[in-house]
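> Input: one structure, supplied below.
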Amino acid sequence: TQLLEQSPQFLSIQEGENLTVYCNSSSVFSSLQWYRQEPGEGPVLLVTVVTGGEVKKLKRLTFQFGDARKDSSLHITAAQPGDTGLYLCAENSGGSNYKLTFGKGTLLTVNP
Amino acid sequence: EAQVTQNPRYLITVTGKKLTVTCSQNMNHEYMSWYRQDPGLGLRQIYYSMNVEVTDKGDVPEGYKVSRKEKRNFPLILESPSPNQTSLYFCASSLSHPIYEQYFGPGTRLTVT
């Protein structure tokens, strides 16, 4: 089973600050997904990245897939209280592998 | 509305009493999966199903059973629950492969005493 490491585990910042969270693996990803989970709810997909070096933007969120496809980052600009939640990365090695492995997540709190 | 539903949402039971958590999706998805979420351990995959009558073990299958007799339903069965199965359980579905977006249900909070 591929191990996904997310860092930091906890992050508490003030509204308006920027932040970056990371997802790293010892093995190559086929695809990587980022989810956000709010308390009492299931995770919701933010983005899927599949190409090494790929950068995707979703409003104030920027997702990057490492060139070697073993790491990914999520950068949030000018964080808002509504960004508070648990950010999870998940990987699948593709092809005939139907397992999906999640990292333990980064719990982000944005204080007003 | 496209959705994944789970029942019950909350369940308190005793050790050894068989229980079933139901999961249903209305999106005609082929892939369905069960996860458990525990503090400090994240989301861990229990079982998944690629299609009707096709299931396979995830990372933590011990103590669980599943079946996929119909495309829309994927129940999770605990034949003899134990306290270490106290957890938050999520069902999810996606188009045909986990590379596609996973749609999660609202979760089932299970407590085994």
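Protein sequences appear in the order of chains D and W.
FYI, the numbering for the first sequence is 9 to 120, going by the numbering used here.
FYI, the numbering for the second sequence is 38 to 150, going by the numbering used here.
Note that CB positions come from ideal geometry on N, CA and C, so glycine has one too.
1. Can you have a look at W/N65 and say buried or exposed, based on whether 16 or more other CB atoms are within 10 angstroms of its CB?
2. For the beta strand (DSSP E) containing W/T59, name the first residue and the last one.
3. Cβ of D/L53 less than 9 Å from any chain B Cβ?
4. Considering just the uninterrupted stretch of the beta strand (DSSP E) at D/I21, what are its terminal residues?
5. Give the residues of chain W in contact with D/E49, contact being defined as C-beta atoms less than 9 Å apart.
6. Expressed to the nearest angstrom, what Euclidean distance is found between the alpha-carbon atoms of D/G24 and D/T117?
7. Tell me, to the nearest whole angstrom, how far the beta carbon of D/Y95 is from that of D/W42; I am working on the premise that it is less than 8 Å.
8. For D/F71 versus D/L53, is the C-beta distance shorter than 9 Å?
9. By alpha-carbon positions, which one of D/G103, D/G90, D/E13 and D/S80 ends up nearest to D/P120?
10. Taking a cut of 8 Å between CB atoms, which residues from the stretch 96-119 of chain D lie near chain W?
11. Which residues does DSSP list as the beta-bridge partners of D/H83?
12. Helix, strand or coil: how does DSSP classify D/D91 here?
13. Identify every residue that forms a DSSP beta bridge with W/D96.
14. By the 10 Å Cβ neighbour count, where 16 or more other Cβ atoms means buried, how is W/T92 classified, buried or exposed?
15. At the level of alpha carbons, what is the spacing between W/E67 and W/R105?
16. Between D/L69 and the rest of its own chain, which residues show a CB-CB distance below 6 Å, the 5 nearest in sequence each way excluded?
Answer, in terms of the structure:
1. Against the second sequence, residue 65 of chain W aligns to sequence position 28. Label assigned to W/N65: exposed.
2. The residue you call residue 59 of chain W lines up with position 22 of the second sequence. L56 to Q62 is the extent of the beta strand (DSSP E) around W/T59.
3. Among the chains of the structure shown, chain B does not appear; the protein chains present are D and W.
4. By one-based count along the first sequence, residue 21 of chain D stands at place 13. Taken as a continuous stretch (DSSP letters only), the beta strand (DSSP E) holding D/I21 covers F18 to Q22.
5. Numbered from its first residue, the first sequence carries residue 49 of chain D at position 41. Within 9 Å Cβ-Cβ: F141, P143 and G144.
6. On the first sequence, residue 24 of chain D is found 16 positions in, with the first residue counted as 1. On the first sequence, residue 117 of chain D is found 109 positions in, with the first residue counted as 1. Note on geometry: alpha-carbon atoms of D/G24 and D/T117 lie some 12 Å from one another.
7. If you number the first sequence from 1, residue 95 of chain D lands on position 87. If you number the first sequence from 1, residue 42 of chain D lands on position 34. Rounded, the Cβ-Cβ distance is 7 Å, consistent with contact.
8. On the first sequence, position 63 is the one that residue 71 of chain D refers to. On the first sequence, position 45 is the one that residue 53 of chain D refers to. Not closer than 9 Å, so no.
9. Here the question's residue 120 of chain D lines up with position 112 in the first sequence. Of the listed residues, the one whose Cα sits closest to D/P120 is D/G90.
10. L96, A98, N100, G102, Y106, K107, L108, T109, F110, G111, K112 and G113
11. As a first step, residue 83 of chain D must be located in the first sequence, where it is residue number 75. Paired residue(s): D/T28 and D/T70.
12. For the purposes of this step, residue 91 of chain D is identified with residue 83 of the first sequence, where counting begins at 1. Here D/D91 sits in helix by DSSP.
13. Residue mapping note: residue 96 of chain W aligns to position 59 of the second sequence, counting from 1. In the DSSP output, where bridge partners are listed per residue, W/D96 has none listed.
14. Indexing the second sequence from 1 puts residue 92 of chain W at position 55. Residue environment for W/T92: buried (at least 16 other C-beta atoms within 10 angstroms of its C-beta).
15. Counted from its first residue, the second sequence places residue 67 of chain W at position 30. Counted from its first residue, the second sequence places residue 105 of chain W at position 68. W/E67 and W/R105: Cα-Cα distance of roughly 10 Å.
16. Counting from 1 along the first sequence, the entry for residue 69 of chain D is found at position 61. Hits under 6 Å: I84.
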